[in-house]
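Enquirer: Mind looking over this structure? Questions follow.
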């Protein structure tokens with residue numbers, strides 16, 4: 376038996392916002408420690424890794440590890456039945472091929488129960504190495520989102536360059552070229568507004584911009600996000616959900632032939 | 127031209 380209750384049920388809605396444009400179906404791995412997911416996009420150049428710790432839930436019970444396959448488009452439809460302030464309880468009986476989602480209003484005056492069929496999905500798990508990155512930049516997630524959206528109307532690829540002075544996003548297209556630099560800045564009162572650059576080595580990498588736009592759909596999960604870069608390795612874009620878990624996106628760089 | 131390898135070619139099997 377698997378059962379887990381989230382007081383802030385809309386966390387799942389927010390997570391789905393970031394997932395559903397990247398992957399259409401995925402296995403959720405349920406274990407006594409929590410819920411995780413690893414999935415590649417259809418062109419196999421990007422990977423998303425989600426981790427929600429068991430103690431992020433109000434009541435968490437997972438009697439045995441199990442993978443449950445879900446169509447994320449269908450899951451998003453089901454989640455429309457949940458109000459933004461509703462609690463959300465997920466239940467999956469080991470003997471059944473479905474999941475039950477229960478949405479309850481905080482005032483306990485509305486109760487919705489939806490059952491959704493599970494599916495068998497073939498998926499390969501990749502071993503993500505624990506990289507030491509050349510550069511790690513933390514910045515407000517809303518700022519990152521705005522930058523990649525703005526640049527995506529100018530070009531298709533983005534060159535990300537990190538030096539001790541800051542991070543620069545560059546693109547070019549028919550319109551012209553654009554460079555946006557964010558310097559390290561820790562003068563604001565709120566830490567979530569800071570931009571910090573942790574640099575081992577200066578690094579420059581080029582990526583398909585549309586993936587960054589997709590990753591930025593997780594903006595509502597966290598005020599801060601981080602970009603971790605190493606020479607000729609996939610970038611990691613992370614949205615940490617406090618001590619509840621994280622969603623991490625990996626994207627292969629474009630490398631000169 | 128720029129090439130983009132699959133993510134699996136970087137990470138491989140666990």
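Residue numbers (our numbering), protein chains in the order written: chain A, 376 to 632; chain B, 127 to 140.
Glycine residues also receive a C-beta, built at the ideal position from the N, C-alpha and C atoms.
Based on Cα-Cα distance, which residue from A:378, A:466, A:628, A:601 lies nearest to residue 622 of chain A?
Expert: Closest by alpha carbon: A:601.
Enquirer: Would residue 609 of chain A count as contacting chain B if we go by Cβ distances under 9 Å?
Expert: So yes, residue 609 of chain A belongs to the interface.
Enquirer: If the cut-off is 9 Å on Cβ atoms, which residues from the segment 391-421 of chain A count as contacting chain B, listed in chain order?
Expert: Residues passing the 9 Å Cβ filter: 415, 416, 418, 419, 420, 421.
Enquirer: When burial is assigned at 16 or more other CB atoms within 10 Å of the CB, is residue 129 of chain B buried or exposed?
Expert: By the neighbour-count rule (16 or more Cβ atoms within 10 Å), residue 129 of chain B is not buried but exposed.
Enquirer: Is it the case that the Cβ atoms of residue 577 of chain A and residue 547 of chain A are separated by a distance below 9 Å?
Expert: It is not a contact, given that the beta carbons lie outside the stated cut-off.
Enquirer: Identify the residues that DSSP records as bridge partners of residue 544 of chain A: which are they?
Expert: The partner list for residue 544 of chain A (beta bridge, DSSP) reads A:535, A:555.
Enquirer: Below 7 Å between beta carbons is the criterion; list the residues of the segment 602-632 of chain A that meet it against any residue of chain B, in chain order.
Expert: Within the segment 602-632 of chain A, the residues whose Cβ lies closer than 7 Å to some Cβ of chain B are 608, 609, 625, 627, 629, 630, 631, 632, listed in chain order.
Enquirer: State buried or exposed for residue 630 of chain A, treating a residue as buried only when at least 16 other CB atoms are found within 10 Å of its CB.
Expert: Flag for residue 630 of chain A reads exposed.
Enquirer: Using a Cβ-Cβ cut-off of 9 Å, state whether residue 503 of chain A counts as contacting chain B.
Expert: Residue 503 of chain A counts as touching chain B.
Enquirer: Sort A:558, A:609, A:491, A:463 by Cα distance to residue 571 of chain A and report the nearest one.
Expert: If we check each option's Cα against that of residue 571 of chain A, A:558 comes out closest.
Enquirer: Report yes or no: do the segment 560-567 of chain A and the segment 482-491 of chain A share at least 3 C-beta pairs separated by less than 8 Å?
Expert: Not touching, per the Cβ criterion.
Enquirer: Along chain B, in chain order, which residues have C-beta atoms closer than 7 Å to that of residue 552 of chain A?
Expert: Here the premise fails: no neighbours, minimum Cβ distance about 17 Å.
Enquirer: Can you tell me which of the three DSSP states residue 596 of chain A falls into?
Expert: It is helical.
Enquirer: Within the continuous beta strand (DSSP E) that includes residue 406 of chain A, where are the two ends?
Expert: Here the beta strand (DSSP E) through residue 406 of chain A covers 400-406.
Enquirer: Could you check where the beta strand (DSSP E) with residue 517 of chain A kicks off and where it finishes?
Expert: Segment 516-527 is the alpha helix (DSSP H) holding residue 517 of chain A; no beta strand (DSSP E) there.
Enquirer: Helix, strand or coil for residue 627 of chain A? Go by DSSP, reduced to three states.
Expert: Note: residue 627 of chain A maps to coil in three-state DSSP.
Enquirer: Please list, in chain order, the chain B residues whose beta carbon lies closer than 9 Å to that of residue 581 of chain A.
Expert: Correct list: 128.
Enquirer: Taking the C-alpha atoms as reference points, what is the distance between residue 417 of chain A and residue 133 of chain B?
Expert: The alpha-carbon atoms of residue 417 of chain A and residue 133 of chain B are separated by roughly 11 Å.
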